[in-house]
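Residue numbers (our numbering): 45 to 430.
By construction, the Cβ of each residue, glycine as well, lies at the ideal position given by its N, Cα and C atoms.
In this text, all values refer to a predicted model and were calculated from it rather than measured experimentally.
First comes the structure, then the notes that go with it.
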Ligand code: ADP
């Protein structure tokens with residue numbers, strides 16, 4: 045729109061004005077600048093309220109001080125009734141301070157009656173601002189709709205993953221049991237190829253069972269209720285270490301922790317996070333014995349935990365993808381695992397209102413960091429319960 049004038053622009057106006065001469069003057073000014081103006085006049089609160097609800101006005105021009113009421117009360121009514129109609133104060137006198145106050149309160153502009161020459165450009169600006177506001181509202185609504193759709197489709201997917209993995213378990217158990225039976229009964233009675241094929245089938249079934257178990261584990265994390273408690277994160281790490289006793293002993297790993305705070309979190313889910321991170325730090329060791337360091341520091345409203353190791357490290361380009369379920373950087377013969385541990389950590393941390401990532405460190409190895417809000421907005425997610 046041309047901000048210098050309103051060539052041909054249709055303008056439906058509501059004038060809050062008690063002086064007919066001023067009404068005429070305002071209309072004439074706008075017409076002279078090319079607006080195709082039509083309008084109504086309101087002289088008191090009731091008239092104003094009725095009109096703004098009856099008619100879809102493009103703009104309101106309000107005198108600041110009428111004998112019966114303050115034109116600025118119009119701003120309160122627009123705000124109260126959630127009506128987005130730009131309002132320009134057109135008035136005989138208004139100090140600068142008052143003008144700023146009314147603009148803060150929601151007026152689009154203030155124009156003095158003896159400076160009506162700037163009314164048209166003020167009107168153009170107000171209309172353009174309204175158009176932009178409407179556009180932004182539309183984009184926000186579209187975005188909110190997309191977010192809701194995404195949340196729904198995620199919930200459906202999670203439900204699907206749970207039901208599919210749950211229902212697949214039974215037939216798979218049959219396959220695994222009977223191929224195992226075949227292997228036990230007929231080993232050595234078939235030719236060499238026959239034995240090999242049965243072993244492949246047993247292997248495949250066992251692997252698929254492990255994958256399905258992992259998928260179920262992941263689903264359960266997504267759907268299980270979070271039960272936050274005030275807990276000592278040191279006790280959580282100690283519990284994780286107890287669960288990892290065998291791996292620690294076998295690898296000769298040294299795991300240190302210090303300065304671990306009291307936090308609010310679901311104890312069993314957080315144990316799972318530490319357990320997965322420490323297990324990986326031990327599993328993906330290099331030539332040296334694994335050394336794992338666990339620490340925490342407070343940053344504003346969150347705790348930042350770090351689990352770092354001296355292992356084989358992770359290429360920067362894979363820092364995001366390894367948090368995706370079943371994503372691994374190695375074959376199973378190199379390092380055992382199904383690629384579920386980090387996706388479970390991410391799910392748990394995000395459900396606690398935190399985030400998890402990998403951070404660069406100067407020494408070789410990897411450093412996983414995650415945050416937990418000091419007062420987490422923990423909320424349970426709806427869905428199937430395992
Ligand atoms: P898994 O350990 O079963 O492979 P994860 O989801 O825990 O599954 O990890 C995904 C992948 O991320 C691993 O296969 C490995 O390639 C990489 N990774 C995770 N933790 C580490 C670590 N501490 N050091 C090096 N690589 C790691």
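query, result
"Work out the CA separation of residue 349 and residue 301 for me, nearest whole Å.", "11 Å"
"Whole-angstrom Cβ separation of residue 322 and residue 299, contact assumed at under 8 Å?", "6 Å"
"Report the partner residues of residue 166 according to the DSSP bridge assignment.", "Paired residue(s): none; residue 166 is not in a bridge."
"According to DSSP, residue 153 sits in a beta bridge with which residue or residues?", "132"
"At 3 residues or longer, what runs of the beta strand (DSSP E) sit wholly inside the stretch 47–93?", "54–60, 80–86"
"Residue 467: which of 214, 241, 215, 216 sits nearest, CA to CA?", "The requested residue 467 does not occur in the structure, where the chain is confined to residues 45 to 430."
"Which residues in the same chain as residue 401 place their Cβ atom closer than 8 Å to its Cβ, once the five residues preceding and following it in sequence are excluded?", "363, 412, 413, 414"
"Going by the DSSP bridge assignment, what does residue 326 pair with across the sheet?", "DSSP output for residue 326 lists no bridge partner at all."
"Which residues does DSSP list as the beta-bridge partners of residue 417?", "346"
"Just to confirm, are residue 119 and residue 150 a CB contact at a threshold of 8 Å?", "yes"
"Among the residues of its own chain, which have a CB less than 8 Å from the CB of residue 390, if the five just before and after it don't count?", "367, 400"
"Check whether the Cβ of residue 416 lies closer than 8 Å to any Cβ atom in chain C.", "Of the protein chains in this structure there is only one, and it is not chain C."
"Please go through the same chain and pick out, in chain order, the residues whose beta-carbon is closer than 8 Å to the beta-carbon of residue 262, but skip the five residues on each side of it.", "205, 369, 384, 387, 388, 391"
"According to DSSP, residue 337 sits in a beta bridge with which residue or residues?", "300, 352"
"Would you kindly work out how many angstroms separate the C-alpha atoms of residue 191 and residue 345, rounded to a whole number?", "26 Å"
"Just reading off the beta strand (DSSP E) that residue 138 is part of, what are its end residues?", "Residue 138 -> no beta strand (DSSP E), and no H or E assigned at all."
"I need the straight-line Cα distance from residue 82 to residue 51, nearest angstrom please.", "15 Å"
"Cβ-heavy atom distance between residue 295 and the ligand ADP below 7 Å?", "no"
"For residue 250 and residue 417, what's the separation of their Cα atoms in angstroms?", "40 Å"
"Cα separation between residue 84 and residue 95?", "8 Å"
"Going by beta-carbon coordinates alone, are residue 304 and residue 278 separated by less than 8 Å?", "yes"
"Could you check which residue in 186, 195, 132 has the C-alpha nearest to that of residue 170?", "132"
"With 16 other CB atoms within 10 Å as the buried threshold, where does residue 409 fall?", "buried"
"Does residue 198 come out as helix, strand or coil in the three-state DSSP assignment?", "helix"
"Around the C-beta of residue 396, are 16 or more other C-beta atoms found within 10 angstroms, so that it is buried, or is it exposed?", "buried"
"Going by C-alpha distance, which of 89, 124, 121, 290 is nearest residue 111?", "89"
"Excluding the 5 residues flanking residue 426 on each side, which residues of the same chain have their C-beta closer than 6 Å to its C-beta?", "Its pLDDT being 37, under 50, residue 426 is placed unreliably in this model, and the coordinates cannot settle the point."
"What I want to know is whether the C-beta of residue 345 ends up closer than 7 Å to one or more non-hydrogen atoms of the ligand ADP.", "no"
"Distance, Cα to Cα, residue 336 vs residue 325?", "7 Å"
"Let's test the definition: count the other Cβ atoms within 10 Å of the Cβ of residue 297 and tell me whether it reaches 16, buried, or not, exposed.", "buried"
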